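A short worksheet on the structure shown next.
2 protein chains.
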Amino acid sequence: MSRALKDTLYGQFARIGHAMASPKRLELLDLLSQGEKDVETLAAQAAIPLKNTSAHLRVLRQARFVETRRDGTYVHYRLADDAVLDLLHALQQLGQRRLAEVEQVTQLFFTSRDELQPVTLQELRRLMQEGDVTVIDVRPRDEYEAGHIPGALSVPLTELKDRPPRMPKSKEVIAYCRGPYCVYSLEAVRLLRKRGYRARRAQEGLPEWRASKLPVAVGS
Amino acid sequence: MSRALKDTLYGQFARIGHAMASPKRLELLDLLSQGEKDVETLAAQAAIPLKNTSAHLRVLRQARFVETRRDGTYVHYRLADDAVLDLLHALQQLGQRRLAEVEQVTQLFFTSRDELQPVTLQELRRLMQEGDVTVIDVRPRDEYEAGHIPGALSVPLTELKDRPPRMPKSKEVIAYCRGPYCVYSLEAVRLLRKRGYRARRAQEGLPEWRASKLPVAVGS
DNA sequence: CGCGTATTCTATAGATTAATAGATTAACCA
DNA sequence: TGGTTAATCTATTAATCTATAGAATACGCG
Numbered sequence: 075m076s077r078a079l080k081d082t083l084y085g086q087f088a089r090i091g092h093a094m095a096s097p098k099r100l101e102l103l104d105l106l107s108q109g110e111k112d113v114e115t116l117a118a119q120a121a122i123p124l125k126n127t128s129a130h131l132r133v134l135r136q137a138r139f140v141e142t143r144r145d146g147t148y149v150h151y152r153l154a155d156d157a158v159l160d161l162l163h164a165l166q167q168l169g170q171r172r173l174a175e176v177e178q179v180t181q182l183f184f185t186s187r188d189e190l191q192p193v194t195l196q197e198l199r200r201l202m203q204e205g206d207v208t209v210i211d212v213r214p215r216d217e218y219e220a221g222h223i224p225g226a227l228s229v230p231l232t233e234l235k236d237r238p239p240r241m242p243k244s245k246e247v248i249a250y251c252r253g254p255y256c257v258y259s260l261e262a263v264r265l266l267r268k269r270g271y272r273a274r275r276a277q278e279g280l281p282e283w284r285a286s287k288l289p290v291a292v293g294s
Numbered sequence: 075m076s077r078a079l080k081d082t083l084y085g086q087f088a089r090i091g092h093a094m095a096s097p098k099r100l101e102l103l104d105l106l107s108q109g110e111k112d113v114e115t116l117a118a119q120a121a122i123p124l125k126n127t128s129a130h131l132r133v134l135r136q137a138r139f140v141e142t143r144r145d146g147t148y149v150h151y152r153l154a155d156d157a158v159l160d161l162l163h164a165l166q167q168l169g170q171r172r173l174a175e176v177e178q179v180t181q182l183f184f185t186s187r188d189e190l191q192p193v194t195l196q197e198l199r200r201l202m203q204e205g206d207v208t209v210i211d212v213r214p215r216d217e218y219e220a221g222h223i224p225g226a227l228s229v230p231l232t233e234l235k236d237r238p239p240r241m242p243k244s245k246e247v248i249a250y251c252r253g254p255y256c257v258y259s260l261e262a263v264r265l266l267r268k269r270g271y272r273a274r275r276a277q278e279g280l281p282e283w284r285a286s287k288l289p290v291a292v293g294s
């Protein structure tokens, strides 16, 4: 009796664990934490064949991680609940603290390449209030439009590569992107410094900003 | 280059998801959140054959969820990090909020059977400070000794079944156990009421108390 | 209605994992 | 040293999951 109850409950919770047991699915969830996207976009950004993407999304749907909205022939996916963000965050925290390989990769890519410490969200807020920094959002335009830090300029990495940015060189530039493991802001900082800017990257991205209950601006 | 980086990171994070993708492993983690236990005890309490238990523990060890300590011929397992508790909590929160089956089971077993609302930890603290309740810990004795709410009496459910408890009937009794899905406190409340006590169960258990950074007493 | 596009559903081979029995190791004790 | 107990490791089979191709569905448009 009580055994059947336990088996049911743990079985259900294991469904959630299972949904997070695939690298591809975690990548899809990370992309969705930037805002809703259709299947094609997800497939392209995660570099997964479309059919596989659809299959993974089905698993995520069954575990109630995501919900869908149909718009014409396109189906848009979005995270179902703030609790999903909390869970992803808890998973990444544990990975960061306990898995040597994660620690190693983040050290190598996200810290030591940067001679300066990356900016925390708290520092970022303070610097913005004091008004002597330019904050840029280097994610693709659609992610900026789906939600961004108020006052940040949209400067997608692709644009930054093509043409010189129109920002004063007097102010320090801070670039943010998808989160602590996103490489866009790293690359942006590298480009900006080459062009004579003082630039740093933010350690966290929009999902963390949103999770801190800070205001998020929408549209262009 | 960036793809290899992503694959490595998401692959590592998926290891963590995978460790949580099995009902048995989640049950073992729940047991370990009560305090350290040896393999034999874990196998008995989770009703899993010893060899399977050992195999599951190996998976948990490789994902760095747990650490071990050897004492003579016994190997004691414990959770490796507070981040593990956070992750388990986030998983259960999501399950509670999103999975209909979980909602249904908890409604059926943990609320409607109880004519009175279960007590939250916050209420429990207030009632204890006012001093007009008896708080009992109905988990097995070893879990009480590994950590309990200060001021709570150890009254394992097995003892409560055998002999009448020695507590004043004038005060209300509040029983707590392992967490929101633990049935010990339900059963304890049923027994106590049959014997003429005013009794309620706490909605959460020791892991939640600990996660709230409240003080925990150790020993008898 | 018929056609094109986006997506899902169905089926299946190949890879991965779980359960479990037998052999092995680690510590303790006589 | 040999016996005993707790736990792990190795190997095998059964079950499950992933990737993926082909068929089917849903919607918009002319």
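Line by line, the protein sequences give chains A and B. Just so you know, the numbering used here puts the end of the first sequence at 294, numbered straight through with nothing missing. Just so you know, the numbering used here puts the end of the second sequence at 294, numbered straight through with nothing missing. Quick reminder that beta carbons are idealized off the backbone N, C-alpha and C, glycines included. All of these numbers come straight from a predicted model, not from anything done at the bench.
Query                                                                                                                 : Result
Nearest-angstrom beta carbon gap, B:Thr127 and B:Ala120 [assumed within contact, 8 Å]                                 : 7 Å
Nearest residue (CA-CA) to B:Leu102, options B:Tyr148, B:Val158, B:Lys245, B:Leu79                                    : B:Val158
Closest residue to B:Gly225 among B:Thr185, B:Met94, B:Met202 (Cα-Cα distance)                                        : B:Met202
CB contact check: A:Tyr84 to chain B, cutoff 9 Å                                                                      : yes
Assigned exposure category for B:Gln108 - 16 Cβ within 10 Å defines buried                                            : buried
Residue-chain proximity (B:His150, chain A), Cβ-Cβ < 9 Å                                                              : no
Three-state class that DSSP yields for B:Ser228 in the structure shown                                                : strand
Cβ-Cβ distance between A:Leu106 and A:Leu165 below 9 Å                                                                : no
Listed by chain order, chain B residues near A:Ala138 by CB distance under 7 Å                                        : A small correction: the amino acid at residue 138 of chain A is Arg; Ala does not occupy that position in the sequence shown. The contacting residues are Arg172, Leu173.
Bridge partner(s) assigned by DSSP for B:Arg144                                                                       : B:Val149
Where the segment 85-104 of chain A meets chain B: residues whose CB sits under 9 Å from a CB there                   : Gly85, Gln86, Phe87, Ala88, Arg89, Ile90, Gly91, His92, Ala93, Met94, Ala95, Ser96, Pro97, Lys98, Arg99, Leu100, Glu101, Asp104
Beta-carbon gap between B:Ile210 and B:Pro254 smaller than 9 Å                                                        : no
Interface residues of the segment 226-248 of chain B facing chain A [CB-CB below 9 Å]                                 : none
Residue interval of the beta strand (DSSP E) (run including B:Glu246)                                                 : 246-250
Per DSSP, the bridge partner or partners of A:Val292                                                                  : None; A:Val292 has no bridge partner.
Three CB pairs or more closer than 8 Å across the segment 245-254 of chain B and the segment 263-275 of chain B       : yes
Interface positions of the segment 118-148 of chain A facing chain B (Cβ-Cβ less than 7 Å), listed along the chain    : Ala121, Arg138
Under 9 Å between C-beta atoms of B:Ser228 and B:Arg237                                                               : no
Nonlocal neighbours in the same chain, by C-beta distance under 8 Å from B:Arg199, ignoring five residues either side : Leu288
Three-state secondary structure (DSSP) of A:Ile122                                                                    : coil
A:Ala88 classed as buried or exposed, judged by whether at least 16 other C-beta atoms fall within 10 angstroms       : buried
CA-to-CA distance, B:Leu161 to B:Lys80, given in whole angstroms                                                      : 22 Å
Proximity to B:Gly205 [Cα-Cα], best of B:Ser244, B:Thr185, B:Phe183, B:Ala220                                         : B:Ser244
Exposed unless 16 or more other CB atoms sit within 10 angstroms - verdict on B:Leu124                                : exposed
Rounded C-alpha distance that separates A:Phe183 from A:Thr115                                                        : 26 Å
Beta-carbon spacing of B:Ser76, A:Val149 below 9 Å                                                                    : no
Range covered by the alpha helix (DSSP H) that runs through A:Val257                                                  : First-last for A:Val257: undefined, no H or E at that position.
Helix, strand or coil at A:Arg264 [DSSP, three-state]                                                                 : helix
Bridge partners - B:Lys111, DSSP secondary structure assignment                                                       : B:Tyr151
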